[in-house]
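For reference, each letter of the sequence shown is one residue, going 1 to 415 in the UniProt record's numbering. Take a look at the structure set out below.
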Amino acid sequence: MIICTQKFRMKRLLQGFVVLFLLFILNLLWIYSKCFNSTLQSDKGDEWEQMEKHKWAKGEENRRTNIEMITNDIEENENYPQGDIRHVLTSIRRKRKDELRQRYEDNQKHVKKLKERIQVKKIQEDEKTISNDIEENETYPIDIRYIPSSIRRKQENEQDQAYDDQKYLNKLKERLQDSESTQNIEFEDDFLRLFITSNDYKIDLAISKIQNFLNLRIDHYYFFHNLSFDFTQSPAYRFLTILPHRRKDGSVTVLFEIAKWDPDKVPLLHLKQIMFMMYIQALRNPVTQASGLNIIYDFADIGFRYVKFGTPQNLFLLHHVAFEAMPAKYVGYHLVNVNVIGNILVALARPFIPKFIENIFYIHSSVKELHKFFPTSMLPVQYGGNLTDYYATDWIKNANQQHGNFPLRGQNNIF
Numbered sequence: 001m002i003i004c005t006q007k008f009r010m011k012r013l014l015q016g017f018v019v020l021f022l023l024f025i026l027n028l029l030w031i032y033s034k035c036f037n038s039t040l041q042s043d044k045g046d047e048w049e050q051m052e053k054h055k056w057a058k059g060e061e062n063r064r065t066n067i068e069m070i071t072n073d074i075e076e077n078e079n080y081p082q083g084d085i086r087h088v089l090t091s092i093r094r095k096r097k098d099e100l101r102q103r104y105e106d107n108q109k110h111v112k113k114l115k116e117r118i119q120v121k122k123i124q125e126d127e128k129t130i131s132n133d134i135e136e137n138e139t140y141p142i143d144i145r146y147i148p149s150s151i152r153r154k155q156e157n158e159q160d161q162a163y164d165d166q167k168y169l170n171k172l173k174e175r176l177q178d179s180e181s182t183q184n185i186e187f188e189d190d191f192l193r194l195f196i197t198s199n200d201y202k203i204d205l206a207i208s209k210i211q212n213f214l215n216l217r218i219d220h221y222y223f224f225h226n227l228s229f230d231f232t233q234s235p236a237y238r239f240l241t242i243l244p245h246r247r248k249d250g251s252v253t254v255l256f257e258i259a260k261w262d263p264d265k266v267p268l269l270h271l272k273q274i275m276f277m278m279y280i281q282a283l284r285n286p287v288t289q290a291s292g293l294n295i296i297y298d299f300a301d302i303g304f305r306y307v308k309f310g311t312p313q314n315l316f317l318l319h320h321v322a323f324e325a326m327p328a329k330y331v332g333y334h335l336v337n338v339n340v341i342g343n344i345l346v347a348l349a350r351p352f353i354p355k356f357i358e359n360i361f362y363i364h365s366s367v368k369e370l371h372k373f374f375p376t377s378m379l380p381v382q383y384g385g386n387l388t389d390y391y392a393t394d395w396i397k398n399a400n401q402q403h404g405n406f407p408l409r410g411q412n413n414i415f
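Spelled out as structure tokens, the structure:
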């Protein structure tokens with residue numbers, strides 16, 4: 001019994017020693033792991049610190065390099081490497097900046113001077129025409145050589161594009177250069193502006209009229225030649241004239257007394273040439289361009305012999321030239337003394353009258369109705385006016401001479 005008890009005690013004692021030994025080993029392992037981790041952390045911290053120092057050193061090197069580059073620029077080197085320069089030199093950059101600033105200041109001064117000149121010129125023009133505007137003239141002379149300020153203001157108010165007509169002129173020139181039929185023609189600027197303004201700055205319409213105008217030279221070349229003699233001295237040719245005075249709005253008035261035209265003495269070809277010449281030469285005056293044309297047809301005493309001229313071919317040509325080729329603004333068409341034959345001719349012409357003309361197409365029952373549209377001071381006596389000598393001999397003679405062989409490029413304005 002005693003022996004068994006001693007064995008049991010020895011067994012328990014050995015087990016206790018084993019447990020203590022295991023605890024001791026575990027403590028050693030724990031201490032070792034703590035020491036190893038602190039060593040690793042210390043090594044990592046040293047590596048991070050070295051990386052930061054390397055980064056800082058590289059940044060300092062870059063800064064020193066930039067400072068050296070700036071220093072070189074400040075010292076204004078006499079020469080620089082041709083191929084391996086890798087930066088915009090400060091001196092060059094500064095010089096370029098100064099040049100741009102100076103150019104901007106010069107441009108501003110130039111614009112200011114231009115505005116001052118334009119203002120002075122406008123004031124001078126207003127002073128030149130102020131007497132006419134104050135008097136509110138009923139009429140202006142046919143050969144006026146300045147634009148009254150009231151007419152100029154009206155044009156500018158009606159057409160905002162008038163302030164920038166150069167832009168539209170350049171656009172029209174570009175379009176004409178793109179066309180094979182017009183790319184080799186050096187048009188006069190005034191001639192092109194005439195088509196632009198008469199079509200309210202619509203470039204497509206202007207191009208269409210220019211093309212029709214050029215086609216007339218092929219199909220009806222006689223329009224572009226004047227009469228080779230002074231027809232103003234022949235009474236037989238005094239059936240068509242421009243009245244010597246303009247209306248208050250600046251518009252020109254053409255009077256055609258049909259019965260005074262004798263087809264046996266004056267061929268139809270000459271009638272066409274004179275009418276075309278009067279229209280296109282009147283349109284060389286900027287006042288006419290701004291204000292337009294009035295046409296008075298007097299049917300008094302016409303007979304049946306004129307009916308034969310109302311053919312579809314003639315009426316179509318009249319329509320084509322007046323409305324599809326001629327760069328004109330029409331203010332009004334006035335028909336007076338319309339008899340039976342006149343009604344027949346008007347009925348034949350109706351299909352060829354554009355819709356926009358119908359609004360300004362007047363058939364007057366009495367010549368006195370013209371007084372609603374024209375002052376008596378510019379009308380001949382047979383229409384209740386004051387003029388006895390109304391045939392514009394000098395103007396028509398000069399216009400026929402200037403028309404000459406109308407050039408392909410067009411003609412400049414008379415002023």
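Quick reminder that beta carbons are idealized off the backbone N, C-alpha and C, glycines included.
The beta carbons of Ala206 and Leu169 sit no closer together than 8 Å.
If you compare the alpha carbons of Tyr279, Trp395, Tyr390 and Phe373 with that of Asp249, the shortest gap goes to Phe373. Where Val340 is concerned, the enclosing alpha helix (DSSP H) starts and stops at Val340 to Ala349. DSSP places Thr253 in no alpha helix (DSSP H) but in the uninterrupted beta strand (DSSP E) bounded by Val252 to Glu257.
Counting only residues of its own chain and dropping the five nearest sequence neighbours on each side, His54 has no CB closer than 7 Å to any other CB. Taken through DSSP and simplified to helix, strand or coil, Asn405 comes out as strand. Comparing C-alpha distances from Ser181 to each of Asp230, Asn212 and Val19 shows the shortest one belongs to Asn212. Looking from the CA of Trp395, the closest CA among His225, Tyr279, Ala347 and Lys95 belongs to Tyr279.
DSSP links Asn294 through a beta bridge to Thr253 and Gly332.
Given a length threshold of 3 residues, the segment 156-189 has no whole run of the beta strand (DSSP E) inside it. Restricting attention to Leu335, Lys260, Phe323 and Pro286, the CA atom closest to the CA of Gly303 is found in Lys260. For Val367 and Gly385, the gap between their C-alpha atoms comes out near 10 Å.
Contact check between the segment 244-258 and the segment 283-298: three or more CB pairs, one atom from each, fall below 8 Å, which counts as touching.
Of all alpha-carbon atoms in Ile414, Phe406, Ile210 and Tyr222, the one lying nearest the alpha-carbon of Phe323 is that of Ile210. With a 10 Å radius around the Cβ and a threshold of 16 neighbouring Cβ atoms, Ser198 comes out buried. Under the three-state reduction of DSSP, Pro141 is assigned to strand. A direct Cα-Cα distance of roughly 10 Å separates Leu29 from Leu23. In chain order, Val252 and Thr288 place their CB closer than 6 Å to the CB of Ala282, counting only its own chain and leaving out the 5 sequence neighbours on each side. Only buried fits Gly332, as 16 or more other CB atoms lie within 10 angstroms of its CB.
The straight-line gap separating the alpha-carbon atoms of Arg175 and His225 is approximately 28 Å. Residue range Leu240 to Ile242 is occupied by the beta strand (DSSP E) that includes Leu240, with no alpha helix (DSSP H) assigned at that position. C-alpha of His220 to C-alpha of Thr311: approximately 17 Å in a straight line.
Shown here for Ala325: same chain residues with a beta carbon closer than 7 Å to its own, the five before and five after excluded, namely Lys209, Asn212, Phe213 and Leu216 in chain order. Here Ile341 really is in contact with Tyr306; their C-beta atoms are around 6 Å apart, less than 8 Å. Taking C-beta separations shorter than 6 Å and ignoring five residues to either side along the sequence, the partners of Asn337 in its chain run Asp298, Phe299 and Ala300, following chain order. Between Phe256 and Phe239, the C-beta spacing is below 8 Å. Apart from the 5 residues on each side of it in sequence, Gln273 sits with its Cβ closer than 8 Å to the Cβ of Tyr222, Phe223, His225, Asn226 and Leu227 in its chain, given in chain order. Counting along the chain, Ile363 sits inside the beta strand (DSSP E) bounded by residues Phe361 to Ile363. About 30 Å separates the CB atoms of Glu138 and Gln411; that is not less than 8 Å, and the two are not in contact. Considering only Asn413, Phe415, Arg409 and Ile414, the residue with the shortest C-alpha distance to Gln183 is Arg409. Inter-residue distance for Phe231 and Glu369 is about 32 Å (C-alpha atoms, whole angstroms).
If you ignore the 5 residues before and after Leu335, its C-beta comes within less than 6 Å of the C-beta of Tyr297 and Ile363, all in its own chain and listed in chain order. Selection Ile218, Arg152 and Pro235 evaluated against Thr393 yields Pro235 as nearest (Cα-Cα). Phe309 and Leu318 have their C-alpha atoms some 11 Å from each other. Rounded to whole angstroms, the Cβ separation of Arg284 and Ile414 is 5 Å, and the two are in contact under 8 Å.
With contacts defined as CB atoms closer than 8 Å, Gln155 and Ala349 fail to qualify as a contacting pair.
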